[in-house]
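Worksheet: the structure to be examined is printed underneath.
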Amino acid sequence: MSEAKNKELSQEAGGEELEKTPEKQESEAKTTQPQEDAAVEEVVEVAEDAKVAASEKKEQPSELAASAEADKAEEAEADVEEESEAEAEADAEEESEDENDIDAQNAEDAEDSENERRHHIPFLDYHELSMENLVGELQRLLRTEKVQAIRRHADTIKREFDQKFREFIDEKKEEFVSRGGNEIDFRYNSVTKRQFNELYSEYREKRNQYYKSRERNLKENLQTRLDLIEELKGLVHVEEDMTSTYNTFKEVQERWRNAGPVPRNSYNDVWRTYQHHVEIFYDFLHLNRELRDLDFKFNLEEKEKLIERAEALAQEPDLNKAFRELQTLHKLWKEELGPVAKDKRDEVWERFSAATKTIHERRQEHFKQLDARYETNLETKNEIIAKILGISEQVADNHRAIQGQIREVEALRESFFKAGKVPQKENEKTWAAFKGAVRAFNKKKNAFYKNLKKEQQENLDRKRALLKRAEELKESEAWEEATPEMKRIQQEWKQIGHVPRKFSDKIWKEFKAACNHYFNRLHSRKNADQAQHSKDLKVKEDILSELKEFQTGKDREADLKQLQEFLKRWKASGRLPRNRQHLDRKFQKIIDAIFRKLGVSKQEADLLRYGDKIKKLAKADDVRTIEEERQFIRRKIEENKGELRQLENNLNFFTDPSEDNPLVKEVIESIDKQKEALERWQEKLKKLNILRNNLEKEANPKEETEGADHEESAGEQTDKQSE
Numbered sequence: 002m003s004e005a006k007n008k009e010l011s012q013e014a015g016g017e018e019l020e021k022t023p024e025k026q027e028s029e030a031k032t033t034q035p036q037e038d039a040a041v042e043e044v045v046e047v048a049e050d051a052k053v054a055a056s057e058k059k060e061q062p063s064e065l066a067a068s069a070e071a072d073k074a075e076e077a078e079a080d081v082e083e084e085s086e087a088e089a090e091a092d093a094e095e096e097s098e099d100e101n102d103i104d105a106q107n108a109e110d111a112e113d114s115e116n117e118r119r120h121h122i123p124f125l126d127y128h129e130l131s132m133e134n135l136v137g138e139l140q141r142l143l144r145t146e147k148v149q150a151i152r153r154h155a156d157t158i159k160r161e162f163d164q165k166f167r168e169f170i171d172e173k174k175e176e177f178v179s180r181g182g183n184e185i186d187f188r189y190n191s192v193t194k195r196q197f198n199e200l201y202s203e204y205r206e207k208r209n210q211y212y213k214s215r216e217r218n219l220k221e222n223l224q225t226r227l228d229l230i231e232e233l234k235g236l237v238h239v240e241e242d243m244t245s246t247y248n249t250f251k252e253v254q255e256r257w258r259n260a261g262p263v264p265r266n267s268y269n270d271v272w273r274t275y276q277h278h279v280e281i282f283y284d285f286l287h288l289n290r291e292l293r294d295l296d297f298k299f300n301l302e303e304k305e306k307l308i309e310r311a312e313a314l315a316q317e318p319d320l321n322k323a324f325r326e327l328q329t330l331h332k333l334w335k336e337e338l339g340p341v342a343k344d345k346r347d348e349v350w351e352r353f354s355a356a357t358k359t360i361h362e363r364r365q366e367h368f369k370q371l372d373a374r375y376e377t378n379l380e381t382k383n384e385i386i387a388k389i390l391g392i393s394e395q396v397a398d399n400h401r402a403i404q405g406q407i408r409e410v411e412a413l414r415e416s417f418f419k420a421g422k423v424p425q426k427e428n429e430k431t432w433a434a435f436k437g438a439v440r441a442f443n444k445k446k447n448a449f450y451k452n453l454k455k456e457q458q459e460n461l462d463r464k465r466a467l468l469k470r471a472e473e474l475k476e477s478e479a480w481e482e483a484t485p486e487m488k489r490i491q492q493e494w495k496q497i498g499h500v501p502r503k504f505s506d507k508i509w510k511e512f513k514a515a516c517n518h519y520f521n522r523l524h525s526r527k528n529a530d531q532a533q534h535s536k537d538l539k540v541k542e543d544i545l546s547e548l549k550e551f552q553t554g555k556d557r558e559a560d561l562k563q564l565q566e567f568l569k570r571w572k573a574s575g576r577l578p579r580n581r582q583h584l585d586r587k588f589q590k591i592i593d594a595i596f597r598k599l600g601v602s603k604q605e606a607d608l609l610r611y612g613d614k615i616k617k618l619a620k621a622d623d624v625r626t627i628e629e630e631r632q633f634i635r636r637k638i639e640e641n642k643g644e645l646r647q648l649e650n651n652l653n654f655f656t657d658p659s660e661d662n663p664l665v666k667e668v669i670e671s672i673d674k675q676k677e678a679l680e681r682w683q684e685k686l687k688k689l690n691i692l693r694n695n696l697e698k699e700a701n702p703k704e705e706t707e708g709a710d711h712e713e714s715a716g717e718q719t720d721k722q723s724e
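For reference, each letter of the sequence shown is one residue, going 2 to 724 in our numbering.
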C-alpha cells in the first residue's frame with residue numbers, strides 16, 4: 002500500500018485524534034499504559050505462534066470467580082475438541098495438501114522474479130526428439146531464456162540425451178565386436194556428444210554464476226526482512242500516539258514489500274512470522290479502532306476480489322493456467338494484503354480455501370487421468386518389448402528375411418518411442434528391458450552378417466577368378482573351345498552368392514563387359530559366317546550335282562584324280578550350315594560308292610582323302626601346324642592301341658571264345674576295325690614325317706646329307722616306337 006494511501010486512511014480515521022493536544026495525548030497514554038503493558042507481555046510470550054493473538058483483558062471480581070469461569074471454559078472447549086477432532090484433522094490435512102504445492106511454487110518464484118517465467122516456456126516431449134534435435138533445443142533455450150528459468154528443461158534434456166547416447170554407443174560397440182574387434186579397444190568420437198557437452202557446460206557455468214550472485218542477495222534480503230520483523234515487534238512498545246505508530250507501521254509494510262526475494266527454504270517461515278506480528282499489531286491497534294477498522298475493511302474488500310478471481314478459475318479450461326493464476330492469488334493474499342476483522346477471518350479464508358480446493362481437485366483428477374494413460378502406455382511398451390524379444394528368438398538365416406525383421410524391429414522401436422510416457426517408477430525398468438530386447442536381436446543379427454561377410458568374401462574371390470578367365474577368353478579366336486567355356490563360367494557366376502556390396506556393381510559390370518565383348522564378336526562372326534555359308538552352300542550344291550553326274554571311265558588313275566579334285570573342291574568350299582549337314586554325308590556316300598566301283602579299299606580311300614590335307618600343309622609351309630597335326634595323330638594312335646588292348650583283354654574273359662558266340666564275334670569285329678584304323682593313322686603319321694623332313698631339308702639345304710639322313714632316321718625311329 003502506498004504512502005498516500007496510508008495518509009488517506011489515517012485522515013479518514015478522524016482528524017479528532019490528529020488534533021489532540023500533546024497534554025491530552027500524554028494523559029490518554031498514561032491512562033492506557035497498564036493495559037498496553039499487559040498486551041505487550043502476552044504478545045512477547047507467543048511471538049512465534051501464528052494462532053495466538055493479543056486480546057483485550059477484563060478485570061475479574063475475584064480470583065475464585067476467575068478460576069471457576071476458566072474451568073467451565075476448559076470443559077466447553079474439551080467437549081468441542083472431542084466432537085470435531087477427527088473432522089478438524091481431516092480438514093487441516095486436506096487444506097495443507099492443497100496449499101503445499103502452491104507454497105512450494107511461490108517459494109521458488111519468490112527467490113527471483115524471473116523464476117515465474119519458467120511456467121510460460123513450452124515444455125516439449127523431449128523423449129521424442131533425436132540427439133541432434135535435443136542439442137538444438139538446449140542451444141535455443143540458452144540463447145533466448147534466463148538460465149534460472151530453464152532448469153527443469155535443461156535437466157530433462159540431459160537425461161533424455163544421455164539415455165539415447167548410451168543406446169547409440171551400445172549399438173556401435175556391438176557392431177565393432179561383431180566385426181571381430183575387442184571390446185576393450187572400442188573408441189567412438191561423436192560430434193553431437195561434443196556439442197552437447199559444450200552447451201551443457203555453458204549452462205552449468207551460467208547457472209553457477211547466477212546462483213552464487215543470488216545467494217548473496219537472498220541472504221541480505223532475508224536479514225533485511227528479519228530486521229523489519231524486529232522493528233514491527235517493537236512498535237507495540239513505542240510510547241507515542243497511535244497515528245504516528247500506525248504511519249510507522251505502514252512504512253514498515255512498504256519497506257517489506259520492496260525488501261526483495263529471500264531463500265525459498267525461509268520464505269514461508271519468514272512470511273508467517275511477519276503475518277503473525279502484523280496481526281498482533283492490529284490487535285494492539287484496538288486503542289484506535291477507526292484506523293484498524295478502515296484497514297480491515299480495505300483488506301476485506303481486496304481479499305473478496307481475490308476470492309472471486311479464485312472461484313472464477315474453476316471455469317478456466319487450461320488447468321496449468323488456472324494453477325499459475327491461483328499461485329499469483331495466494332502470493333497477493335500473503336504478501337500484499339493484511340488481516341481482516343476477527344469475525345471475518347475464518348469466513349474469507351474458508352471461501353478462499355474452498356476455491357483453492359476446487360482447483361486442487363481438478364489437478365488431482367488430471368493427474369489421475371495421466372497416471373491411467375501412463376499405465377496404458379506401459380502396457381503398450383511391454384507388448385512391444387515382447388514382440389521384439391519374439392523376433393530376437395527366431396532370427397532368420399537369410400539376408401532377405403533378416404532385412405524384413407530389421408524393418409519390423411525398426412517399426413517397433415518407432416512405436417515404442419511414440420507410445421508416450423510411463424509411470425516414473427517403471428521408467429528405468431522399461432527402458433532397460435527395451436534396450437535388452439533390441440540388443441538381443443542386434444547381437445544375433447550381427448553374428449549372421451559376420452558369417453555372411455566371410456561367405457561374401459569367399460564369393461568375391463571366386464567371382465574374381467571367373468572375371469580373370471573371362472578377360473582371358475574375350476579376345477579368343479578358338480570359338481569351338483572358348484564358347485562353351487564362356488557359357489560355363491556364366492552359369493557358375495549365377496550359382497555363386499552375393500559379394501560385399503561395395504564390390505558388387507563394379508565386378509558385375511566388368512564381368513558383363515568381358516562376356517558381352519566375346520559374344521558380340523561371336524555373333525558378328527556368325528553373321529559373317531551366315532553370309533559365307535549361303536555362298537558355300539550354293540557351291541557345294543553345284544559340286545554335289547556335278548558328282549552325281551560323274552561317270553567312271555577306262556582310265557582308273559584319271560578317275561581317281563578326278564575324285565581327288567572333287568574332294569579338294571568340296572573341302573575348299575567351306576562348311577555347311579548345321580541344318581544342311583546331310584549334304585556332306587550324301588557327298589561322302591557318293592564318293593565312297595565311286596571308290597568301291599574303282600576297286601579302292603576303304604583304307605586307301607582314307608589315305609587319298611588325307612593326301613589333300615598333306616598337300617595343303619606342304620603348301621602352307623607351317624612347321625608348327627604340321628607338328629600339331631603330328632601330335633594329334635600320335636594321340637589317336639595311342640587311343641587305338643588302348644582300345645585294342647582293352648578289346649583283347651575282354652576276349653580273354655570269354656569261356657567260349659569260338660566265333661559262333663555273337664559277343665565274341667562282335668569283339669573280334671571291333672578288334673579288326675581298330676587295327677584298320679591304327680594302320681590308317683600310322684600311314685598318315687608316316688606321310689607327315691616325310692613332309693616334315695622335306696620341309697626341314699629345304700630350310701637347311703647346306704647341311705650334310707649324313708646329318709639329314711641321321712635326323713630322318715631318328716624321326717622314323719620315334720614314330721616306330723609310337724607304332
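Positions of the beta carbon are idealized from the N, C-alpha and C atoms, including for glycine. Small disclaimer: the values here were computed from a predicted structure and weren't measured.
Within a Cβ cutoff of 6 Å, which residues of the same chain sit near residue i, ignoring the five residues on either side of it in sequence?
{"i": "R570", "result": "I544"}
{"i": "K31", "result": "Low local confidence applies: a pLDDT of 34 at K31 is under 50, so the model's placement there is unreliable, and no value is given."}
{"i": "L648", "result": "V668, S671, I672"}
{"i": "P23", "result": "Its pLDDT being 33, under 50, P23 is placed unreliably by the model, and nothing is read from it."}
Taking 8 Å as the threshold (C-beta atoms), are residue j and residue i in contact?
{"i": "K207", "j": "V148", "result": "yes"}
{"i": "N222", "j": "V263", "result": "yes"}
{"i": "W480", "j": "L523", "result": "yes"}
{"i": "D296", "j": "G235", "result": "no"}
{"i": "A155", "j": "L139", "result": "yes"}
{"i": "L664", "j": "F655", "result": "yes"}
{"i": "T359", "j": "A315", "result": "yes"}
{"i": "I389", "j": "V349", "result": "no"}
{"i": "L599", "j": "L538", "result": "no"}
{"i": "Y727", "j": "W257", "result": "The structure shown does not extend to residue 727, since the chain is modelled only from 2 to 724, so the question has no answer here."}
{"i": "F197", "j": "F250", "result": "no"}
{"i": "R226", "j": "A260", "result": "yes"}
{"i": "A466", "j": "L474", "result": "no"}
{"i": "N378", "j": "A420", "result": "yes"}
{"i": "E376", "j": "P424", "result": "yes"}
{"i": "L333", "j": "A311", "result": "no"}
{"i": "G575", "j": "Q533", "result": "yes"}
{"i": "R363", "j": "L320", "result": "yes"}
Ignore the nearest five residues each way along the sequence and tell me which others in residue i's own chain have a CB closer than 7 Å to its CB.
{"i": "R463", "result": "I497"}
{"i": "I403", "result": "V396, A397, K446, F449"}
{"i": "A54", "result": "For A54, the pLDDT reaches just 36, beneath the cut-off of 50, and the residue's location in the model is therefore unreliable, although a value from the coordinates is still provided. Excluding positions up to five away in sequence, the list reads E280, I281, D284."}
{"i": "V500", "result": "Q457, N460, L461, K464, I508"}
{"i": "K637", "result": "W682"}
{"i": "S393", "result": "A438, A441, F442, K445"}
{"i": "N428", "result": "none"}
Leaving out five residues before and five after residue i in sequence, what residues of the same chain have Cβ atoms less than 8 Å from its Cβ?
{"i": "R631", "result": "L686, L689, N690, R693"}
{"i": "F418", "result": "H128, E129"}
{"i": "F435", "result": "K382, I385, I386, I389, F417"}
{"i": "E409", "result": "I392"}
{"i": "T553", "result": "D560, I595, K598, L599"}
{"i": "L468", "result": "I508, E511, F512, A515"}
Would you list, in sequence order, the uninterrupted alpha helix (DSSP H) runs of no fewer than 4 residues that lie entirely inside the segment 413 to 500?
425 to 474, 480 to 496
Alpha helix (DSSP H) segments (min. 4 residues) lying fully within the segment 226 to 290:
243 to 258, 265 to 285
Count Cβ pairs between the segment 433 to 451 and the segment 167 to 185 that sit closer than 8 Å; are there 3 or more?
yes
Using 8 Å as the cut-off, can you tell me whether the segment 157 to 174 makes contact with the segment 211 to 231, which would need three or more C-beta pairs spanning the two stretches below that distance?
no
Could you tell me whether the segment 541 to 561 touches the segment 513 to 520, using the rule of 3 or more Cβ pairs below 8 Å?
no
Quick check for students: name the residue ranges of the alpha helix (DSSP H) that lie wholly in the segment 507 to 582, counting only runs of 4 or more.
557 to 573
Any chance you could list the alpha helix (DSSP H) runs of at least 4 consecutive residues sitting entirely within the segment 300 to 379, in chain order?
320 to 336
What are the uninterrupted segments assigned as alpha helix (DSSP H) that are 4 or more residues long and contained completely in the segment 132 to 193, given in chain order?
132 to 145, 152 to 179
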